[in-house]
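Visitor: Starting off with a structure, shown below.
Number of protein chains: 2
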Amino acid sequence: MLGKITDYRMCEQVAAVLKTLAHAQRLSILCKLYRKEMTVGELEAGCGISQPQVSQHLTRMRLEGIVESKRDGNHVYYSISDPQIRVLLESFEKVFKV
Amino acid sequence: MLGKITDYRMCEQVAAVLKTLAHAQRLSILCKLYRKEMTVGELEAGCGISQPQVSQHLTRMRLEGIVESKRDGNHVYYSISDPQIRVLLESFEKVFKV
DNA sequence: GAGGTATATTAAAATATCTTTATATTATTA
DNA sequence: TAATAATATAAAGATATTTTAATATACCTC
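Top to bottom, those sequences are chains A and B.
Each residue of the first sequence is one higher than the last, beginning at 1 in my numbering.
Each residue of the second sequence is one higher than the last, beginning at 1 in my numbering.
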């Protein structure tokens, strides 16, 4: 991207990922998932986001390959499936001195 | 953010910055500026973006403190003013193996 | 299988963002 | 100062995203 930006395509790809992360609720969800897998209900309570919204964000991120889910009874556990996302979250932590 | 996310505020702040970066044209502009300061016209040609759009993106990023400008005759040179943005761009480069 | 809990889906309404077109400003040069 | 080049601004139109509210599905327990 910086060395060889002959590629506008690459900017499009990166921007697409950033678009998903550029939302306080989704970011908040991912930060929670960074530490451990969690159910929809736990995220709902932990992030203070409505159930449909949590579910919608998770569905979106699952389709994008960022998170994955596994069902256990009538709970569904979500976790971060893409290691690149973890690295990005760590960068944000450093850059923003959180 | 990952250690102590008691702060939803922090997610909002990070998301606000990411929102600006989450656009292929703006990302493309910043990648060009990463190497050296450039005029609006150079960015227009180099990124293949219309003049008003380049100018609008730059104005937005200037107001957000990401870039700064200096006039020289009737050219205006833009450069990245926020070191954090450089670090983020470097992270993207690493993560996405550009 | 009825009732309850957890999660997912849908669709409409509200907002925000992007793009385009036209025009304005600033500075230079002749 | 008229003409031109470079940049900025504004406003309308087009799209996309977010939010909310209602409803559906899946699974468990009794």
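Ideal placement from N, C-alpha and C gives every residue a C-beta, glycine not left out.
The structure displayed is predicted, hence computed values, not measured ones.
Which of the three DSSP states is assigned to A:Ile80 in this structure?
Guide: The answer is strand: DSSP assigns A:Ile80 an E or B state.
Visitor: Buried or exposed for A:His75, going by 16 or more other Cβ atoms inside 10 Å?
Guide: It counts as exposed.
Visitor: Can you check which of these residues, B:Ile85, B:Val95, B:Glu90, is closest to A:Phe96 by C-alpha distance?
Guide: Comparing Cα-Cα distances from A:Phe96 to each of B:Ile85, B:Val95, B:Glu90, the minimum goes to B:Ile85.
Visitor: Ends of the alpha helix (DSSP H) at B:Lys19?
Guide: Its alpha helix (DSSP H) spans residues 8-21.
Visitor: Report, in whole angstroms, the separation of the C-beta atoms of A:Gln51 and A:Gln25, which I expect to be a contact under 8 Å.
Guide: Rounded, the Cβ-Cβ distance is 13 Å, inconsistent with contact.
Visitor: Which same chain residues end up closer than 7 Å to A:Val67 when comparing Cβ atoms and leaving out the 5 residues on each side of it in sequence?
Guide: Cβ neighbours of A:Val67 beyond the five flanking positions: Leu33, Leu58, Met61, Tyr78, Ser79, Ile80, Ser81.
Visitor: Got a sec: is the Cβ-Cβ distance from A:Glu37 to anything in chain B below 7 Å?
Guide: By this cut-off, A:Glu37 is not an interface position.
Visitor: Residues of chain A with CB closer than 8 Å to the CB of B:Tyr8, please, in chain order.
Guide: Within chain A, the residues near B:Tyr8 are Ala24, Ser28, Cys47, Gly48.
Visitor: So, helix, strand or coil for A:Ile5, using DSSP?
Guide: In this predicted model, A:Ile5 has a pLDDT of only 45, less than 50, meaning its place in the structure is not dependable; the value taken from the coordinates is given anyway. Here A:Ile5 sits in coil by DSSP.
Visitor: Report the three-state DSSP secondary structure of A:Glu68 (helix, strand or coil).
Guide: Strand.
Visitor: Of the choices B:Gly46, B:Val40, B:Ser28, B:Ile29, whose alpha-carbon is the least far from that of B:Asp72?
Guide: Nearest of B:Gly46, B:Val40, B:Ser28, B:Ile29 to B:Asp72, Cα basis: B:Val40.
Visitor: Who are the neighbours of B:Glu64 on chain A, taking C-beta pairs under 8 Å?
Guide: Within chain A, no residue comes near B:Glu64; the closest Cβ sits about 13 Å away, beyond 8 Å.
Visitor: For chain B, is any of its Cβ atoms less than 7 Å away from the one on A:Ser55?
Guide: False, the Cβ-Cβ gap to chain B never drops below 7 Å.
Visitor: Interface residues of chain A around B:Ser91 at Cβ under 8 Å?
Guide: Under the 8 Å cutoff, chain A gives Val87, Leu88, Ser91, Val95.
Visitor: Contact defined as beta carbons within less than 8 Å: I believe B:Leu43 pairs with B:Ile29. What is the distance between those atoms, to the nearest angstrom?
Guide: About 6 Å separates the two Cβ atoms, so the contact holds.
Visitor: From the DSSP output, which residues share a beta bridge with A:Thr39?
Guide: In the DSSP output, where bridge partners are listed per residue, A:Thr39 has A:Tyr77.
Visitor: Note the first and the last residue of the continuous alpha helix (DSSP H) segment covering B:Ser50.
Guide: Element bounds for B:Ser50: n/a, residue is neither H nor E.
Visitor: Is there a C-beta anywhere in chain A that falls below 7 Å from the one on B:Val40?
Guide: Not closer than 7 Å to any Cβ of chain A, the Cβ of B:Val40 fails to qualify, so no.
Visitor: With a 10 Å radius around its C-beta and 16 neighbouring C-beta atoms as the bar for buried, classify B:Val87 as buried or exposed.
Guide: Classification of B:Val87: exposed, given that the 10 Å Cβ count is below 16.
Visitor: Measure from the alpha carbon of B:Gly65 to the alpha carbon of each residue in B:Thr20, B:Ile49, B:Cys47, B:Ala15, then state which is nearest.
Guide: Answer by Cα proximity: B:Thr20.
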